[in-house]
Amino acid sequence: MSTQTPETETETETEPEAESGASAAPDHQQRRMDEKRARAEARDDAAAQAATEFEGETVELKVFRYDPEVEGKEEPRFDSFTVPFEKGMTVLDALIFARDEYDSSLTFRHSCRQAVCGSDAFFINGSQQLGCQTQMGDLEWPVRVEPLPHQDVVKDLVVEMDHFYDQMESVQPFFDPDELPDGELDEQRQSRENREHIKLSTRCIWCGACMSSCNIAAGDNQYLGPAAINKAYRFYMDEREGEQKRQERLEIIEQEHGVWRCQTQFSCTEVCPKDIPLTEHIQELKREAVKENLKFW
Amino acid sequence: MAERYSSFRSGSTTWLLQRLTAAFLVVVLAFHFFNLHFVTHAYNIEFAGSQARMSEVGYYLTMVLFLVTATFHGVNGVYNALVNQGIEGKAKRAAQIVLGLAGLLLVVQGIRVANTLAGF
Amino acid sequence: MSESYDRGLVEDFGRWTEFSAGMWAWVFHKFTGWVLVGYLFTHISVLSTSLQGAQAYNNTLSGLESLAVVRILEVGLLAVAVFHILNGIRLLFVDLGVGLEAQDKSFYASLVLTGVIVVASVPTFLTGAF
Amino acid sequence: MYEHDVIVVGGGGAGLRAAIAAQEQGADVAIVTKLHPVRSHTGAAEGGINAALRDGDSWEDHAYDTMKGSDYLGDAPAIDTFAKTAPDEVIQLEHWGMPFSREDDGRVSQRPFGGLSFPRTTYAGAETGHHMLHTLYEQVVKRGIEVYDEWYVSNLAVTDEDDPNDRECHGVVAWDVQSGEIAGFEARDGVILATGGLGQAYDHTTNAVANTGDGVAMAYRAGVPIEDMEMIQFHPTTLPSTGVLISEGVRGEGGILYNAEGERFMFEYGYATNDGELASRDVVSRAELTEINEGRGIDDEYVYLDMRHLGEERITDRLENILHLAEDFEGVDGLEEPMPVKPGQHYAMGGVETNEFGETCVDGLYAAGECACVSLHGANRLGGNALPELIVFGALAGRHAAGEDMGEALIETGPSEELDREELGVPVGLPSEQSDTAEPAADGGEPVEDVDTRSSEEVVSDAEATEEERIETLLEREDGVNHADVRADLQTSMTENVNVFRTEAGLEQALEDIQEARERYQDVYVADKSRTFNTDLQHTIETRNLLDVAEAITMGALARDEFRGAHWRKEHQERKDDEWLKHTMVSWNDGDPELWYRPVILEGHEETYEPKNRSY
Ligand SMILES: Cc1cc2nc3c(=O)[nH]c(=O)nc-3n(C[C@H](O)[C@H](O)[C@H](O)COP(=O)(O)OP(=O)(O)OC[C@H]3O[C@@H](n4cnc5c(N)ncnc54)[C@H](O)[C@@H]3O)c2cc1C
Ligand code: HEM
Ligand code: SF4
Ligand code: F3S
Ligand code: FES
Chain A
175 MSTQTPETET ETETEPEAES GASAAPDHQQ RRMDEKRARA EARDDAAAQA ATEFEGETVE
235 LKVFRYDPEV EGKEEPRFDS FTVPFEKGMT VLDALIFARD EYDSSLTFRH SCRQAVCGSD
295 AFFINGSQQL GCQTQMGDLE WPVRVEPLPH QDVVKDLVVE MDHFYDQMES VQPFFDPDEL
355 PDGELDEQRQ SRENREHIKL STRCIWCGAC MSSCNIAAGD NQYLGPAAIN KAYRFYMDER
415 EGEQKRQERL EIIEQEHGVW RCQTQFSCTE VCPKDIPLTE HIQELKREAV KENLKFW
Chain B
5 MAERYSSFRS GSTTWLLQRL TAAFLVVVLA FHFFNLHFVT HAYNIEFAGS QARMSEVGYY
65 LTMVLFLVTA TFHGVNGVYN ALVNQGIEGK AKRAAQIVLG LAGLLLVVQG IRVANTLAGF
Chain C
1410 MSESYDRGLV EDFGRWTEFS AGMWAWVFHK FTGWVLVGYL FTHISVLSTS LQGAQAYNNT
1470 LSGLESLAVV RILEVGLLAV AVFHILNGIR LLFVDLGVGL EAQDKSFYAS LVLTGVIVVA
1530 SVPTFLTGAF
Chain D
12 MYEHDVIVVG GGGAGLRAAI AAQEQGADVA IVTKLHPVRS HTGAAEGGIN AALRDGDSWE
72 DHAYDTMKGS DYLGDAPAID TFAKTAPDEV IQLEHWGMPF SREDDGRVSQ RPFGGLSFPR
132 TTYAGAETGH HMLHTLYEQV VKRGIEVYDE WYVSNLAVTD EDDPNDRECH GVVAWDVQSG
192 EIAGFEARDG VILATGGLGQ AYDHTTNAVA NTGDGVAMAY RAGVPIEDME MIQFHPTTLP
252 STGVLISEGV RGEGGILYNA EGERFMFEYG YATNDGELAS RDVVSRAELT EINEGRGIDD
312 EYVYLDMRHL GEERITDRLE NILHLAEDFE GVDGLEEPMP VKPGQHYAMG GVETNEFGET
372 CVDGLYAAGE CACVSLHGAN RLGGNALPEL IVFGALAGRH AAGEDMGEAL IETGPSEELD
432 REELGVPVGL PSEQSDTAEP AADGGEPVED VDTRSSEEVV SDAEATEEER IETLLEREDG
492 VNHADVRADL QTSMTENVNV FRTEAGLEQA LEDIQEARER YQDVYVADKS RTFNTDLQHT
552 IETRNLLDVA EAITMGALAR DEFRGAHWRK EHQERKDDEW LKHTMVSWND GDPELWYRPV
612 ILEGHEETYE PKNRSY
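What follows is the structure in structure tokens.
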């Protein structure tokens, strides 16, 4: 149902205006006031009717609420919303419905609706998932939606992402080749195998689900975390990358709070909405680091 | 930003040692357990028996190595677990010292025991 | 962001049931590892009685062995050690990048195998304990 | 107040490229964006980037295809610049490490795309936009360019001269979504708008929820004319339930379309007997809807797109992402069954009028990317031509804003003396009661005749004060209309009336609906009173922008009584070159929108074009 708000009982009739122009204004004014009143009444009833109003199946959505500024929301709590269920409905659709129909202060990040922007990773029924990629029909009801664990909550489902971004950016996530072909329109060559090798790692959408699921990241704030290590992997394994940057980056990830902290819990790999084999990548880098260091012995 | 991750030593060495000791321990620990619970039963152990076993140089050396690796593996494991919980600064320094001393003590005491049993 | 916003009860509500195989393996491995270190220290101190002579050594050992609790604890130790060994082997394979897709299955296998070995060893361990 | 040389509004492909270019010119640049850059909708682009890279291809051919695709509503100087620069820009991306799909010899792969005479679409799997966006952001990180993410830009700080050509842009006003802080951003050298699409004016769209046409609406209200707004592209292959796009790459690789009767209708019903499924998007969209309207659709709603015959290996190699999309959002396994598809709003060819350097008529104000209209796509955009547009014109705008001298532009901007005006018989613009409170001039200050004497800092702080007041008013209201209702009604009407098929009555109806929505919007209120992460407030302000752009789209569509490119009129089934080789321009005119026209430029820096029949 995308982002469209479902029709409500306040749908206005659209009688076509015969004449247009200024003369229509008082008319409009009148109608506007009427509508306004009707709408206000309807809204008051809405909540009460909610449970009985919808025909067909409904599903209960329990959403974590918190706002440091608003009285009554300073204490974290769960709010319940009854949402009409349709086949194909995602958790994000349900949240949008709840927001547009019941409580416009319900706050969550979202944008693309197609699992590429990475803004709507939530803790849904106890695991980190993208709201837009999770079918309501596949979940146990009632559906419980919380902000990502182990991150500061800004408001409702919105968490502070700065720490995650810092970690992502600390592995020098950019390409830095030693030299570039200088002929006009000359590209660097990359074998298909090599592209294949890094392909999965380039899929990351910075949603932070992996980081939130990792117990080590929860305990050790300095731990780079699976996403950042995967980002490093993406460059480290790229055959086009320059030798010097490669070494520098390896030094970053093999710091005490780098790859060694990973205890192969696999939960990152399990929650990643882009199916990136994170644990495998981390392990590969550990072995690379050991190999590199053995060379100097 | 690399300086934020400065550390006192490369993680790869201890990480690798933890694995190598683990691989070694699999064999020795299994042998040790089997030896003292199934071949000789624990409830039958006596000083004389221990002494007999320990007097063999091979066994003695294996046991000392067992002790050293197990201590390293165990102590380093505990230290890792603490770092995973995010200890930093003073606490981390303290953990290093305490664990290091405990490990040393354990190895020294263990060797004394072994020496006694071997009759050195 | 050095401390996390404390969600109190909300944070913990129902959380443990949602652990997955890899996390349980980690928890168990940690627990068993700590027990083993603890045992190693105890073990050496018990053996240290040998420094006071053969008599003391024999007395301590047989004294301990005659206690049913100790026998039961020994079975526990076996369980702990066997799990740590098996899961340790699993982890070594994971470090080598072998069988990552089956990591949950290999964890369950370690659990089952531990159970089997422990049950099979109970008679040997408890002989004459009661 | 924050201060930088160049301020880029928006962190999508266009914004990031502009920022990098300006920074390379030595400017102190900041990106102000309502989403963190990697969350921009550029990341959703799937198919690819067009550029003439190989032997046997040439930029002239690319330019020719683009002009033909535009149905001769593109401006030649823009098209030439575009086709000539695209190869360099694409190679630049490769040098920055973008993981393109590769050939056996290690060079970047290219594939055929609709409307192109050569397979010149470079791609990275079916996630080209994702890789491009991340590659660009990586370079931004590398350069340490300042990013104010989750800052919502709500207005431009522009001086108040009567004639928009005399106005000057000194910065923007934005608020930090997370904390609610409102702040002015002064730009010493220039402001570059790169706010992306406006798909949220429709309810079935491939665009993100954040694509609300903010930049277009802000520039429009600051006096910059907006161009060819009626030219909205509908993509022929979107999933029916969500609007999620199935890339043209599927057809490029050989996917076929068929109707409920199992007929390959593109050929059998003669919609495009040469190119079949690979005909231009507007042609395919209309073909599908005709099939559906004539009862040969499935469930009266969609047709099938089938790629099974391509084989699993080829599909997973080149279109793997499509399998995930079809599975996650429609529950269909693309390897086993055909995928249901129907047309959906996809792209706005029109936008803020700029010249070929991305400059608008207001001094110091630039626009690039989907929100701009250099007039490259004309009446119809070819698949794979938007991503190169972002980098080509993003870079040009960035460099120009940072002070590089590029010489004289061939494209003229801003309202000119001899306007070719058009009147509509339907009311547009602000409803009567609103006109006194309407911003009389660019930034809401008092209008002045000749020169605005305020310093640039004053202009910015005045704009900031006005904005603070506006937000205060919205937050103070205790009761009123929820913006979501207004937005929903607007979207429904637009999808019903200003769609692929357009009728006079429908368009008039839409203008009425918009007018009515505008009136209701006057009573809009924000229920959430919190200053922290107030998305209610943000969406409310966005809805206002949607109203303005929807109105301009519909006005242009109603006036243009011909059939050109994406714009199809029931009553007027032919392209009227004698009358309509001209761009639709809409000027805000202080709340009383004015419709006027500017001739199409068919003579470029190097090439001159002759309108030809567009058949595929
Ligand atoms: C599904 C899909 C597939 C596509 N596939 C292709 C393809 O294969 N090939 C191709 O060439 N083109 C494709 N396109 C078109 C192309 O992707 C877009 O036109 C292009 O990405 C737009 O880029 P942009 O930088 O202009 O805007 P966006 O990437 O949308 O970025 C807009 C930026 O502006 C910011 N912003 C917006 N409003 C404000 C505000 N008020 N204040 C502050 N910041 C603001 C946002 O945060 C965002 O960062 C596709 C489009 C879609 C929707
Ligand atoms: C017999 C074979 C053994 C194997 C195969 C083994 C394997 C491992 C491995 C691979 C780890 C590292 C886990 C990680 O860092 O991811 C580990 C951790 C550990 N081991 Fe062992 N080990 C063995 C014996 C022992 C013994 C005898 C002791 C006790 C002295 C011990 C104590 C520990 C401790 C304390 C940890 C750290 C646990 C934690 O993370 O908290 N292990 N073991
Ligand atoms: S690695 Fe996966 S889970 Fe982690 S941020 Fe990237 S996409 Fe999200
Ligand atoms: S969950 Fe954490 S411990 Fe490692 S495998 Fe993943 S990073
Ligand atoms: S809304 Fe973009 S990932 Fe879910």
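Chains as they are written, first to last, in my numbering: chain A, 175 to 471; chain B, 5 to 124; chain C, 1410 to 1539; chain D, 12 to 627. The C-beta atom is built at its ideal place from N, Cα and C for all residues, glycine as well.
Within-8 Å CB hit, B:I49 to chain C: Numbered from 1 along the second sequence, position 45 holds the residue referred to as residue 49 of chain B. True, the Cβ-Cβ gap to chain C drops below 8 Å.
Simplified DSSP assignment, three categories, for C:L1500: Position 91 of the third sequence, counted from the first residue, corresponds to residue 1500 of chain C. Helix.
Partners in chain C for A:Q302, counting only beta-carbon separations shorter than 7 Å: If you number the first sequence from 1, residue 302 of chain A lands on position 128. Simply none; closest approach about 10 Å.
Complete alpha helix (DSSP H) runs within the segment 262-292 of chain D (minimum length 4 residues, chain order): 276-279
Within 8 Å, strictly: CB atoms of D:Y134 and D:G23: As a position in the fourth sequence, residue 134 of chain D is number 123, starting the count at 1. As a position in the fourth sequence, residue 23 of chain D is number 12, starting the count at 1. In this structure, D:G23 does not lie closer than 8 Å to D:Y134 by Cβ.
Residue range of the unbroken beta strand (DSSP E) whose run includes D:V385: Locating residue 385 of chain D in the fourth sequence gives position 374, where the first residue counts as 1. Here D:V385 belongs to no beta strand (DSSP E), and DSSP marks it neither H nor E.
Assigned secondary structure, D:S112 (DSSP; H/G/I helix, E/B strand, else coil): Translated into the one-based positions of the fourth sequence, residue 112 of chain D becomes position 101. Looking at D:S112 - three-state DSSP - the assignment turns out to be coil, as it is neither helix nor strand.
C-alpha distance - D:N391 paired with D:Q121, whole-angstrom precision: Position 380 of the fourth sequence, counted from the first residue, corresponds to residue 391 of chain D. Position 110 of the fourth sequence, counted from the first residue, corresponds to residue 121 of chain D. The alpha-carbon atoms of D:N391 and D:Q121 are separated by roughly 22 Å.
Residues bridged to B:F35 (per DSSP): Residue 35 of chain B sits at position 31 when you count from the first residue of the second sequence. None; B:F35 has no bridge partner.
Cutoff 8 Å: C:M1410 Cβ touching any chain A Cβ: On the third sequence, residue 1410 of chain C is found 1 positions in, with the first residue counted as 1. Because C:M1410 sits at a pLDDT of 28, beneath the cut-off of 50, its placement in the model cannot be relied upon, and the point is left open.
CB-CB length for D:A233 against D:L204, believed under 8 Å: Position 222 of the fourth sequence, counted from the first residue, corresponds to residue 233 of chain D. Position 193 of the fourth sequence, counted from the first residue, corresponds to residue 204 of chain D. Going by Cβ atoms, the distance from D:A233 to D:L204 rounds to 10 Å, so no, they are not a contact pair.
Under 8 Å from the C-beta of C:T1533: neighbouring residues of chain B: Taking the first residue of the third sequence as position 1, residue 1533 of chain C is located at position 124. By Cβ distance, chain B contributes H41, F42 and H45.
Check: A:I427 C-beta below 7 Å from any heavy atom of ligand 4: Taking the first sequence and counting its residues from 1, the one referred to as residue 427 of chain A is at position 253. Every heavy atom of ligand 4 is 7 Å or more from the Cβ of A:I427, so no.
Min CB distance C:T1536 to chain B below 8 Å: Position 127 of the third sequence, counted from the start, is the residue given in the question as residue 1536 of chain C. Judged by the 8 Å Cβ criterion, C:T1536 is in contact with chain B.
Nonlocal neighbours in the same chain, by C-beta distance under 7 Å from C:A1465, ignoring five residues either side: Here residue 1465 of chain C corresponds to residue number 56 of the third sequence, with the count starting at 1. Once the five neighbours on either side are set aside, the close Cβ partners of C:A1465 are T1458.
C:V1491 classed as buried or exposed, judged by whether at least 16 other C-beta atoms fall within 10 angstroms: Position 82 of the third sequence, counting from 1, holds the residue named residue 1491 of chain C. With 16 or more Cβ atoms within 10 Å of its Cβ, C:V1491 is classed as buried.
Chain C within 8 Å of B:F37, Cβ atoms only: Locating residue 37 of chain B in the second sequence gives position 33, where the first residue counts as 1. Yes - at least one Cβ of chain C is within 8 Å of the one on B:F37.
Rounded separation between B:T17 and B:A26 - CA only: As a first step, residue 17 of chain B is located in the second sequence; it is residue number 13 there, counting from the start. As a first step, residue 26 of chain B is located in the second sequence; it is residue number 22 there, counting from the start. Their backbone Cα atoms lie some 14 Å apart in a straight line.
DSSP state of A:M411 mapped onto helix, strand, coil: One-based indexing of the first sequence puts residue 411 of chain A at position 237. Residue state, collapsed to three classes: coil.
C-alpha distance - D:V164 paired with C:H1438, whole-angstrom precision: By 1-based counting over the fourth sequence, the position of residue 164 of chain D is 153. By 1-based counting over the third sequence, the position of residue 1438 of chain C is 29. Each residue's Cα considered, the two are about 52 Å apart.
Environment of D:D344 [buried if 16+ CB atoms lie within 10 Å]: Taking the fourth sequence and counting its residues from 1, the one referred to as residue 344 of chain D is at position 333. With fewer than 16 Cβ atoms within 10 Å of its Cβ, D:D344 is classed as exposed.
Beta carbon of A:I427 nearer than 8 Å to that of A:C291: Reading the first sequence from its first residue, position 253 is the one you call residue 427 of chain A. Reading the first sequence from its first residue, position 117 is the one you call residue 291 of chain A. Cβ atoms of A:I427 and A:C291: not closer than 8 Å.
Spatial neighbours of D:A359 in its chain, beta-carbon cut-off 7 Å, leaving aside the 5 residues before and after: By one-based count along the fourth sequence, residue 359 of chain D stands at place 348. If we look at D:A359 and ignore the five residues flanking it on each side, its Cβ neighbours are G208, L209, I243 and E381.
DSSP state of A:F238 mapped onto helix, strand, coil: Within the first sequence, numbered from 1, the residue matching residue 238 of chain A stands at position 64. Looking at A:F238 - three-state DSSP - the assignment turns out to be strand.
Near ligand 4: A:L452 beta-carbon under 7 Å from a heavy atom: Numbered from 1 along the first sequence, position 278 holds the residue referred to as residue 452 of chain A. Correct: A:L452 has its Cβ closer than 7 Å to ligand 4.
heavy atom of ligand 3 below 7 Å from A:C384 C-beta: Counting from one through the first sequence, the residue named residue 384 of chain A turns up at place 210. Within the cutoff, so yes.
Same chain only: Cβ atoms within 8 Å of A:S197, ignoring 5 sequence neighbours per side: By 1-based counting over the first sequence, the position of residue 197 of chain A is 23. Confidence in A:S197 is poor, its pLDDT being 42 and thus under 50, which makes the residue's placement too unreliable to answer from.
Rounded C-alpha distance that separates A:C384 from A:T443: Indexing the first sequence from 1 puts residue 384 of chain A at position 210. Indexing the first sequence from 1 puts residue 443 of chain A at position 269. Taking the straight line from one Cα to the other gives about 7 Å.
Same chain only: Cβ atoms within 6 Å of D:T365, ignoring 5 sequence neighbours per side: Translated into positions along the fourth sequence, residue 365 of chain D becomes position 354. Answer for D:T365: T371, A378, A383 and V385, listed in chain order.
Residue-level contact to chain B via CB, A:V464, 8 Å cutoff: The residue given as residue 464 of chain A occupies position 290 in the first sequence. With 8 Å as the cut-off, A:V464 counts as an interface residue toward chain B.
Status (buried if at least 16 other CB within 10 Å, exposed otherwise) for A:L452: Counted from its first residue, the first sequence places residue 452 of chain A at position 278. Buried, by the Cβ-count rule.
Anticipated Cβ contact below 8 Å, D:V43 with D:Q34, distance rounded: Sequence index remark: in the fourth sequence, residue 43 of chain D carries index 32 (1-based). Sequence index remark: in the fourth sequence, residue 34 of chain D carries index 23 (1-based). The Cβ separation is near 15 Å, so there is no contact.
First and last residue of the uninterrupted beta strand (DSSP E) at A:K329: As a first step, residue 329 of chain A is located in the first sequence; it is residue number 155 there, counting from the start. A:K329 -> beta strand (DSSP E) spans V327 to K329.
Contact set between A:W315 and chain D, taken where Cβ atoms lie within less than 8 Å: Here residue 315 of chain A corresponds to residue number 141 of the first sequence, with the count starting at 1. Correct list: empty, because the minimum Cβ distance to chain D is about 19 Å.
beta-carbon A:P316 near ligand 3 non-hydrogen atom, thresh 7 Å: Here residue 316 of chain A refers to the residue found at position 142 of the first sequence. No; taking the cut-off as 7 Å, the Cβ of A:P316 has no heavy atom of ligand 3 nearer than that.
Residue range of the alpha helix (DSSP H) that includes A:I379: For the purposes of this step, residue 379 of chain A is taken as residue 205 along the first sequence, with counting starting at 1. A:I379 -> no alpha helix (DSSP H), and no H or E assigned at all.
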